[in-house]
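Input: a single structure, listed below in structure tokens.
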Amino acid sequence: MTTLDLAELIFPEVKETVEDLEKRFPPRNLKEGAEVTRFAPSPTGFLHTGSLFTSLVDFKVANQTHGVFYTRLEDTDTKREIEGSGKELMDQLIAFGVVPNEGYFGDHEKGEYGPYTQSLRADIYKVVIKDLLIKGMAYPCFCSKEELDALRLTQEKNRVITGYYRQYARCRNLSVDEAYQKIKNGEPFVIRFKSKGFHERKIEVDDLVRGHLYLSQNDQDIVIYKSDGLPTYHFAHLVDDHFMRTTIVIRGEEWLSSLPIHIELFESMGWKAPRYAHLPVIMKNDNGSRRKLSKRKDKEAAVSSFLLEGYPKEAILSYLMTIANSNFEEWIYQNKDKSFLDFPFTFEKMALDGALFDLSKLQNLSKEFIAKLTKEEVYNRTLEYAKKNDAKLQEILLKNPEFFMEIVNIEREKENPRKDYIKFSEIYPKNAFFYQDEYEKLLKENELPFNPNFDKKVIKDVLIDFKDTLNYEVDEQTWFNNLKTLGLRHGFAESGKIYKANKDQYIGQVGDVAEIVRIAMTTSKQSPNLYYVLRVLKKDEVCRRISRILEILG
RNA sequence: GGCCAGUUGGUGAAACGGUUUAACACAUCGCCCUCUCAAGGCGACAUCCACGGGUUCGAAUCCCGUACUGGUCACCA
256 MTTLDLAELI FPEVKETVED LEKRFPPRNL KEGAEVTRFA PSPTGFLHTG
306 SLFTSLVDFK VANQTHGVFY TRLEDTDTKR EIEGSGKELM DQLIAFGVVP
356 NEGYFGDHEK GEYGPYTQSL RADIYKVVIK DLLIKGMAYP CFCSKEELDA
406 LRLTQEKNRV ITGYYRQYAR CRNLSVDEAY QKIKNGEPFV IRFKSKGFHE
456 RKIEVDDLVR GHLYLSQNDQ DIVIYKSDGL PTYHFAHLVD DHFMRTTIVI
506 RGEEWLSSLP IHIELFESMG WKAPRYAHLP VIMKNDNGSR RKLSKRKDKE
556 AAVSSFLLEG YPKEAILSYL MTIANSNFEE WIYQNKDKSF LDFPFTFEKM
606 ALDGALFDLS KLQNLSKEFI AKLTKEEVYN RTLEYAKKND AKLQEILLKN
656 PEFFMEIVNI EREKENPRKD YIKFSEIYPK NAFFYQDEYE KLLKENELPF
706 NPNFDKKVIK DVLIDFKDTL NYEVDEQTWF NNLKTLGLRH GFAESGKIYK
756 ANKDQYIGQV GDVAEIVRIA MTTSKQSPNL YYVLRVLKKD EVCRRISRIL
806 EILG
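Mapping of the first sequence onto our numbering: residues 256 to 809, in sequence order.
What follows is the structure, encoded as structure tokens:
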């Protein structure tokens, strides 16, 4: 019996060779310096903020070098797979504008290097495994879960490194005949890679973000082919990234410790390994200690939660870009007309330890972003948000687009626009008082916060006078002067300064007059610039509201 | 526990052995402006770069040790 017989016994159906695969997936014809990157999620749930972060870097690197960014579905773990999540993942990624050039798209695939779904590539993996088997670089292992557990236990007791390696790798010493016979007998097995490494020896690797690294060689005989007929991650990574011609593997730092395995795997095949960039993980402050953003505990782990709350995707992307390269903020400040697409990203400027997720920073970026939109953009984006998340709001927006735009345009489209919205979802609630029925609701639900120092009669007089002398056809300054004059008639000083100096002569100042009118219009002491509020409301509605307040005041 | 990586303010961070009395941004706090709010303007906020040694004329920056934080040790990715 030879290893060839064994390989034939296990994979009789495999006729292709590694050379055939090389021809099937030839090197890409790209310009010098063009990088091929990939995002390879598992269909085990929603799009994690960390995954968006990683794929953003993938996307940027490929984009910048005029290379290729592709996606691949790593669905070899059939137990943990969540039905439909692969498509969901891709939809969310694309919703953020991180659009791949090729690969897995959820409902279809695109590109010459596919299939891009690992469960569909079983025949490809088998070719390589068979090759390894024939060369004696891999072997079937018949150890059961229980035996492996027992092994680990004794290793722990004896304080030696745990795992399946050298003298502990029992099945590695099985003769080909024995192995052949066991398989013939139908014994379940996995296939392990026969490592040639020594833990005591070091390898030297360059990581694009971490620089020069000295790591111990791998000496574990890792499983490459599971009993369910699918490869493990390590092996799929080897085969896929080789034949899909990936040039830079960008992934989370949790992979750093298995890098020696991957290096050995590539060496054993005589393939050139891709370059690696291990990215820091985004952390969260949890009662003073930092930990990885957790899928279960943190809603911000699901990047869709931000979209659901109404944050603009641009703000989220900018925030992640800031974590990736902190000079992004300064750059965007100097290049206001450009987008993150134009920003020159570099691995060197990347921080090495995981950034704490900073919500207030995101909110600030978001506020700035919304402030810079035109009123039409705000309307469209809010509508887009409402369509997905808020049917009632959608109806309101559709009913009267002009009105919404007028509201939202108050002190917008100027040098220093108002910055009061951090998400699209809060624009309507903050401006609800503009709408008649909402105004009525507010009147019912809340006590009007008039200053108790003023007599009811004074408040009424001011409002009546205001209503009678209302004039719109003037500029803001004139309008305000008129308000001062009106106040004067009722005993209010023209300014705070004058009032403070002559408290005995006045009952208040213009600010108090404005406050009375403001409360009448909005039911609140706070609102945007009164002049604009009045202009948006228009004369009829202003008069109507004053009448309502007078009614309530009795 | 072994191995690996990291450690500059409340947060993100700059600094690449000497223009550092540690940039910039967010947050926070003050003051100013102002009809309120949102902005805007001005200012405060690390006596010092986890700690301890060393190298050097000179260290946040280089070296060693310690501590702490994170990652990883699966037929999961």
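Note that beta-carbon positions come from the ideal geometry of N, C-alpha and C, so glycine has one too.
- Annotated as proximal: L611 and N540, with beta-carbon spacing under 8 Å.
- The segment 376-446 contains, as complete beta strand (DSSP E) runs of 3+ residues, the segments 393-396 (chain order).
- Going by C-alpha positions, R551 is about 11 Å away from G300.
- Between the beta-carbon of T292 and that of T487 there is about 22 Å, and that puts the pair past the 8 Å contact cut.
- In this structure I458 is in contact with L470, their Cβ atoms being roughly 6 Å apart against a cut-off of 8 Å.
- For M538, the pairing in a beta bridge is given by DSSP as K547 and L611.
- Per DSSP, reduced to three states, the secondary structure at K622 is helical.
- Rounded to the nearest angstrom, the Cβ distance from L302 to Q347 is 4 Å, consistent with a contact under 8 Å.
- Looking at the DSSP output, H303 bridges to A557.
- When DSSP reads this structure, V460 sits in a beta bridge with L468.
- Pairing F595 with M576 gives a Cβ-Cβ distance under 8 Å.
- Excluding residues up to 5 positions away in sequence, F397 lie with their Cβ nearer than 6 Å to the Cβ of K437 in the same chain.
- Distance check between F498 and each of A317, F521 and D483 places F521 closest, using alpha-carbon atoms only.
- Boundaries around Y488 are those of the alpha helix (DSSP H), Y488 to F498, since no beta strand (DSSP E) includes it.
- In this structure, DSSP gives K722 a helical state, which the three-state scheme calls helix.
- Its chain contains Y634 as the residues whose beta carbon lies nearer than 7 Å to that of P656, once the 5 sequence neighbours on both sides are disregarded; these appear in chain order.
- Boundaries of the alpha helix (DSSP H) harbouring G751: G751 to A756, taken from the DSSP string.
- Apart from sequence neighbours up to five positions away, the residues of its chain that approach E666 with a beta-carbon distance below 8 Å are P672, R673, P783, N784 and Y787, ordered along the chain.
- Closest in C-alpha terms to Q618, from the list Y676, V353 and P599, comes Y676.
- Note that the C-beta distance between M538 and F448 is not below 8 Å.
- Within the same chain, and ignoring the five residues on either side of S310 in sequence, the residues whose Cβ sits closer than 7 Å to its Cβ are F294, L348 and V353.
- For E585, the number of other beta carbons within 10 angstroms of its own is below 16, and it is reported as exposed.
- Relative to the Cα of F324, the nearest Cα in the group E631, D720, P355 and V536 belongs to P355.
- Counting along the chain, the unbroken beta strand (DSSP E) around I479 starts and ends at V478 to Y480.
- Comparing alpha carbon positions, the residue from T333, L285 and D332 closest to H321 is L285.
- A straight line joining the alpha-carbon of T601 with that of T304 spans about 20 Å.
- Contact check for Y531 against V504 passes: the beta carbons are separated by less than 8 Å.
- The C-beta distance from P298 to I337 rounds to 6 Å, short enough to meet the 8 Å contact threshold.
- When C-beta atoms of the segment 760-774 are compared with those of the segment 643-654, fewer than three pairs fall below 8 Å, so the two segments do not count as touching.
- Note that the C-beta distance between F721 and V772 is below 8 Å.
- Taking 8 Å as the cut-off, the Cβ atoms of D496 and P529 count as close.
- At a cut-off of 4 residues, the continuous stretches assigned as alpha helix (DSSP H) that sit fully inside the segment 259-290 are 273-279.
- Apart from the 5 residues on each side of it in sequence, L698 sits with its Cβ closer than 8 Å to the Cβ of T778, R803 and I807 in its chain, given in chain order.
- Per DSSP, I665 is not a residue of any beta strand (DSSP E), being assigned neither H nor E.
- Annotation for G358: the continuous beta strand (DSSP E) segment containing it runs E357 to Y359.
- Beta-bridge partners of L328 (DSSP): T372.
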